[in-house]
Every structure is written in C-alpha cells, then in structure tokens.
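Peer 1: Protein sequences, first through last, are from chains H and L.
Residue numbers for the first sequence follow my numbering, so the first one is 3 and each next one is one higher.
Residue numbers for the second sequence follow my numbering, so the first one is 12 and each next one is one higher.
After the structure tokens below, expect a handful of questions from me.
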Amino acid sequence: DSGVTQTPKHLITATGQRVTLRCSPRSGDLSVYWYQQSLDQGLQFLIQYYNGEERAKGNILERFSAQQFPDLHSELNLSSLELGDSALYFCASSLRTSGGRETQYFGPGTRLLVL
Amino acid sequence: GDSVTQMEGPVTLSEEACLTINCTYTATGYPSLFWYVQYPGEGLQLLLKATKADDKGSNKGFEATYRKETTSFHLEKGSVQVSDSAVYFCALSEEYSTLTFGKGTMLLVSP
C-alpha cells in the first residue's frame with residue numbers, strides 16, 4: 003500500500019459527460035501528479051501540483067482540468083468525454099518537487115470507461 | 012524532448028531463469044532513472060532507482076546500473092519467480108520530478 007488513495011476505482015459514463023476523479027496524497031507529501039495510461043499512448047504525464055499551485059503541465063487536453071485543495075487532495079476533472087478518453091488514470095505524490103530526484107508513489111488508479 | 016525506449020514484450024521465461032530487460036534513454040539534462048513494476052490489476056510500485064552515473068539500484072533481487080556513457084539502465088535478475096510476472100516500466104525524471112515512461116515490458120514467468 004503506497005498510502006495514496008484514489009476514488010472511485012471504476013467509472014462508467016457516456017460520451018459528452020463530465021466526471022471528477024479524486025486523489026489523496028501520502029501524509030506529508032506536497033506534490034501531486036496525474037498520469038493517464040492507455041493502450042495506444044502508454045503512460046503519459048498530465049499535470050503536477052505543488053502545495054496548491056500548478057507546477058508542470060504535460061499532455062493534458064483543454065477539456066481536462068485539475069486542482070489541489072488546501073488539504074492537499076487533488077481532483078482531476080474530465081469534461082466533454084470522448085471514447086478515446088477511456089483509460090486508467092493514476093495519481094502519484096511526492097514529498098516536494100526537487101528537480102527529478104524525488105520518488106513518486108502511485109495510487110491504485112481509476113479506470114474510466116466512456117461508452 | 013526526453014524519451015525512454017525499452018524492449019518490447021512479452022518476455023517469457025521459466026522459473027529460475029535469468030532476466031534482462033533493456034532500457035535506453037534520451038535526456039537533455041542529467042536525469043534520475045527508475046524502474047516501476049505494475050502487477051495485474053494494481054497501480055505502479057517503485058522497484059528501484061538511481062540518481063547519478065554508475066549508481067546501482069537494487070531491490071527484491073532486481074538490479075540496474077545507471078550507465079551514462081551508453082545512456083542505459085537495464086533491469087536484471089539472476090533467478091526469476093512466478094510472482095515476478097508483471098509489467099515493468101523504465102522511467103526518467105528531470106525537472107519538477109515529472110516522469111517520462113517507456114512503453115512497458117510484460118514479463119511472464121512459468122513454473
């Protein structure tokens with residue numbers, strides 16, 4: 003158990019809908035990262051927050067947004083969903099953001115299926 | 012940009028066989044290197060890491076050495092077990108600790 007929790011575990015929705023994925027980092031970790039894992043694209047970094055502020059952005063679509071709250075939990079919002087958004091979404095956390103040497107601890111993921 | 016290339020799987024081995032999964036990287040700076048493992052139906056777990064050249068990461072019988080001259084970080088284990096069956100991801104991290112992953116290599120170990 004990494005100490006990172008994600009809810010829900012599974013999500014089934016329809017095209018055009020909006021969903022929110024939730025992540026609670028390990029106790030004491032200030033950085034939260036979101037990744038998308040799909041069969042065709044592999045594991046891709048989406049976005050990072052550090053202590054409530056956006057720190058780095060990867061291949062995140064404009065239809066997707068995220069935020070980190072004062073209690074350090076994070077939410078990833080996916081809107082106008084398309085079939086191709088079906089994937090496993092992982093959250094990870096680390097203590098700080100120190101230029102590449104930090105270990106990231108991953109949650110169990112949320113499996114999203116868009117029908 | 013940064014990239015990680017790892018051998019395609021699946022790699023199929025018998026129990027107690029030797030394992031090598033190749034990983035090479037391209038990076039603009041001086042990255043940290045990681046191996047993560049994903050067991051069926053689970054999230055990613057850090058297996059080992061190395062943060063500078065010639066460092067050897069090791070865990071659970073797995074080893075990998077950071078080779079700057081060949082930009083490689085090959086994963087090795089002397090004797091695999093059925094319980095090692097999983098998908099293995101090589102990754103690197105530069106700025107802000109964001110990870111760039113390889114496509115993953117599935118390992119299947121039979122009794």
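Beta carbons are placed, not taken as given, at the ideal position from N, Cα and C, and that holds for glycine.
These figures come from a predicted structure and were not determined experimentally.
Measure the alpha-carbon distance for cysteine 29 of chain L versus valine 22 of chain L and round it to whole angstroms.
Peer 2: Taken atom to atom, the span from the alpha-carbon of cysteine 29 of chain L to that of valine 22 of chain L is near 11 Å.
Peer 1: Ignore the nearest five residues each way along the sequence and tell me which others in leucine 44 of chain L's own chain have a CB closer than 6 Å to its CB.
Peer 2: Ala61, Tyr77, Phe84 and Leu103
Peer 1: Assuming leucine 45 of chain H contacts tyrosine 37 of chain H under a Cβ cut-off of 8 Å, what Cβ separation, rounded to an integer in Å, is found between them?
Peer 2: 6 Å
Peer 1: Quick check: what's the CA-CA separation for tyrosine 107 of chain H versus threonine 109 of chain L?
Peer 2: 12 Å
Peer 1: Give the interface partners of glycine 12 of chain L over in chain H, defined as CB-CB distance under 9 Å, in chain order.
Peer 2: Per Cβ cutoff of 9 Å: no residues; glycine 12 of chain L is ~11 Å from chain H at best.
Peer 1: Please check if any C-beta of chain H sits within less than 8 Å of the C-beta of leucine 57 of chain L.
Peer 2: Judged by the 8 Å Cβ criterion, leucine 57 of chain L is in contact with chain H.
Peer 1: When you compare each of H:Leu83, H:Leu97, H:Arg98 and H:Glu77 to proline 10 of chain H by their alpha carbons, which one comes out closest?
Peer 2: H:Glu77
Peer 1: Among L:Gln92, L:Ser121 and L:Thr82, which residue has its Cα nearest to the Cα of cysteine 101 of chain L?
Peer 2: L:Thr82
Peer 1: Please list, in chain order, the chain H residues whose beta carbon lies closer than 9 Å to that of lysine 114 of chain L.
Peer 2: Residues of chain H passing the Cβ test: Gly44 and Leu45.
Peer 1: Assuming valine 98 of chain L contacts methionine 117 of chain L (C-beta within less than 8 Å), just tell me the rounded distance between them.
Peer 2: 5 Å
Peer 1: If you follow the beta strand (DSSP E) that glutamine 92 of chain L is part of, which residue opens it and which one closes it?
Peer 2: That residue, glutamine 92 of chain L, is in no beta strand (DSSP E); it is neither H nor E in DSSP.
Peer 1: Could you tell me whether the Cβ atoms of glycine 30 of chain H and phenylalanine 47 of chain H are closer together than 8 Å?
Peer 2: no
Peer 1: Which value, in whole angstroms, describes the spacing of the CA atoms of glycine 68 of chain L and glutamate 74 of chain L?
Peer 2: 6 Å
Peer 1: State the CB to CB distance for the pair aspartate 13 of chain L and glutamate 105 of chain L, rounded to an integer number of angstroms; the pair is presumed to be in contact (CB under 8 Å).
Peer 2: 6 Å
Peer 1: Please list the segments of the beta strand (DSSP E) lying wholly inside the region 31 to 113 of chain L, counting only runs of 3 or more residues, in order along the chain.
Peer 2: Secondary structure within the region 31 to 113 of chain L: the beta strand (DSSP E) runs of 3 or more consecutive residues, fully enclosed, are 34 to 37, 43 to 49, 55 to 61, 67 to 70, 73 to 76, 86 to 88, 97 to 104 and 110 to 112 (chain order).
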